[in-house]
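Enquirer:
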Amino acid sequence: NAGVTQTPKFQVLKTGQSMTLQCAQDMNHNSMYWYRQDPGMGLRLIYYSASEGTTDKGEVPNGYNVSRLNKREFSLRLESAAPSQTSVYFCASSPLVQADTQYFGPGTRLTVL
Amino acid sequence: SQQGEEDPQALSIQEGENATMNCSYKTSINNLQWYRQNSGRGLVHLILIRSNEREKHSGRLRVTLDTSKKSSSLLITASRAADTASYFCAPETSGSRLTFGEGTQLTVNP
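Protein sequence lines correspond, in order, to chains A and B. First residue of the first sequence? That's 1 in the working numbering, and the numbers climb one at a time after it. First residue of the second sequence? That's 1 in the working numbering, and the numbers climb one at a time after it.
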């Protein structure tokens, strides 16, 4: 039982490049989330998916797109990376979206030059 | 959704001492959760306290909840260097998803 897995662990991009961050969970959770965390700051929600087939914007969605591929997988895409998107990205999942315990992946450290 | 505010922002203590972190929130809640984040890692759920509970223990962790003051505290007793981490509270409100604040950065010096 791996919990929440994320790939890649590290990535360096040049401004304007695109990439997709992958996330998968094996806990049969309905809800999944993408957060970013900048130095010395808390987590900011980018997008979330309350259930398979649905996605919603969080606090900071600009510059990102998401896909809930199936119940297990939730990907985050940067179409044209900018230096402001340099951050650590965390994926999380929970049984339900309403106020339920969340389980986090190990994170992806992204640097945009 | 409602965000908790952790206080202090940073706390530095010696190994063996107790560490107390506080969380305040604004509106009525159902439950409140505490999470820990080790450097460079994802958050890990520590403990959940329900609105009808005043105190809850889990190993060296003690959480209190005062709904009249809209506040909670997390006490770590006999701290260890391995307790060095950021700690976040997450108040639960009916029908809303969790929101995380900026956390308290705890440093336990050997």
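From the three backbone atoms N, C-alpha and C, an ideal C-beta is built for every residue, glycine too.
Given 8 Å as the limit, is there contact between the region 67-74 of chain A and the region 24-31 of chain A, that is, 3 or more CB pairs closer than that?
Expert: In short, these stretches touch, since the Cβ pair count reaches three.
Enquirer: Does Tyr48(A) have its Cβ less than 8 Å from a Cβ in chain B?
Expert: Translated into the one-based positions of the first sequence, residue 48(A) becomes position 48. It does; some Cβ of chain B falls within 8 Å.
Enquirer: Report the three-state DSSP secondary structure of Ala85(B) (helix, strand or coil).
Expert: Taking the first residue of the second sequence as 1, we reach residue 85(B) at position 85. Strand.
Enquirer: Per DSSP, what kind of secondary structure is Gln98(A) in: helix, strand or coil?
Expert: For the purposes of this step, residue 98(A) is taken as the residue at position 98 of the first sequence. Looking at Gln98(A) - three-state DSSP - the assignment turns out to be coil, as it is neither helix nor strand.
Enquirer: Flag this pair as yes or no: are the beta carbons of Leu78(A) and Ser18(A) separated by less than 8 Å?
Expert: Here residue 78(A) refers to the residue found at position 78 of the first sequence. Here residue 18(A) refers to the residue found at position 18 of the first sequence. Going by C-beta atoms, Leu78(A) is nearer than 8 Å to Ser18(A).
Enquirer: How far does the beta strand (DSSP E) with Ser75(A) in it reach, from first residue to last?
Expert: The residue labelled residue 75(A) in the question sits at position 75 within the first sequence. Where Ser75(A) is concerned, the enclosing beta strand (DSSP E) stretches over 74-78.
Enquirer: Could you tell me if Gln14(B) is buried or exposed, where buried requires 16 or more neighbouring beta carbons within 10 angstroms of its beta carbon?
Expert: Within the second sequence, numbered from 1, the residue matching residue 14(B) stands at position 14. That one is exposed.
Enquirer: Does the beta-carbon of Thr10(A) have 16 or more other beta-carbons within 10 angstroms, so that it is buried, or is it exposed?
Expert: As a position in the first sequence, residue 10(A) is number 10, starting the count at 1. First, the amino acid is wrong: residue 10(A) is Phe here, not Thr. Classification for Phe10(A): exposed.
Enquirer: Could you pull the DSSP bridge partners for Thr20(B) from this structure?
Expert: By one-based count along the second sequence, residue 20(B) stands at place 20. The partner list for Thr20(B) (beta bridge, DSSP) reads Leu75(B).
Enquirer: Apart from the five residues on each side of it in sequence, which residues of its chain come closer than 6 Å, Cβ to Cβ, to Leu113(A)?
Expert: By one-based count along the first sequence, residue 113(A) stands at place 113. Around Leu113(A): Lys14.
Enquirer: Can you check whether the CB of Val4(A) is closer than 8 Å to the CB of Ser84(A)?
Expert: The sequence position of residue 84(A) within the first sequence is 84, counting from 1. The sequence position of residue 4(A) within the first sequence is 4, counting from 1. Taking 8 Å as the Cβ cut-off, Ser84(A) and Val4(A) do not qualify as a contacting pair.
Enquirer: Can you pull out the residues from the region 97-109 of chain A whose beta carbon lies closer than 9 Å to at least one beta carbon of chain B?
Expert: Per Cβ criterion, the list reads Val97, Gln98, Ala99, Asp100, Thr101, Gln102, Tyr103, Phe104, Gly105, Pro106, Gly107, Arg109.
Enquirer: Can you pull the chain B neighbours of Phe74(A), defined as C-beta to C-beta under 7 Å?
Expert: One-based indexing of the first sequence puts residue 74(A) at position 74. None at all; the shortest Cβ gap to chain B is about 15 Å.
Enquirer: Taking the alpha-carbon of Leu65(B) as reference, which of Asn38(B), Ala78(B), Leu32(B), Ala19(B) has the nearest alpha-carbon?
Expert: Translated into positions along the second sequence, residue 65(B) becomes position 65. Of Asn38(B), Ala78(B), Leu32(B), Ala19(B), the residue nearest in Cα terms is Leu32(B).
Enquirer: For Pro110(B) and Glu53(B), what's the separation of their Cα atoms in angstroms?
Expert: Taking the first residue of the second sequence as 1, we reach residue 110(B) at position 110. Taking the first residue of the second sequence as 1, we reach residue 53(B) at position 53. Their Cα atoms are separated by approximately 34 Å.
Enquirer: Please return the same chain residues whose Cβ sits closer than 6 Å to the Cβ of Asp100(A), not counting the five positions on each side in sequence.
Expert: As a first step, residue 100(A) must be located in the first sequence, where it is residue number 100. Excluding residues within five positions, the ones whose Cβ falls inside 6 Å are Ser94.
Enquirer: Assign Asp83(B) to buried or exposed, taking buried as 16 or more other Cβ atoms, counted over all protein chains shown, within 10 Å of its Cβ.
Expert: For this step, residue 83(B) is matched to residue 83 along the second sequence. Answer is buried; the Cβ neighbour count reaches 16.
Enquirer: Consider the Cβ of Gly174(A): report whether some Cβ of chain B lies at a distance smaller than 8 Å.
Expert: With chain A covering 1 to 113 only, the question about residue 174(A) has no answer from this structure.
Enquirer: So, is Val97(A) buried or exposed, given that buried needs 16 or more other C-beta atoms within 10 angstroms?
Expert: Here residue 97(A) refers to the residue found at position 97 of the first sequence. With 16 or more other Cβ atoms within 10 Å, it is buried.
Enquirer: For the region 32-49 of chain B against the region 49-66 of chain A, do three or more pairs of beta-carbon atoms, one drawn from each stretch, fall closer than 8 Å, so that the two count as touching?
Expert: Touching, no.
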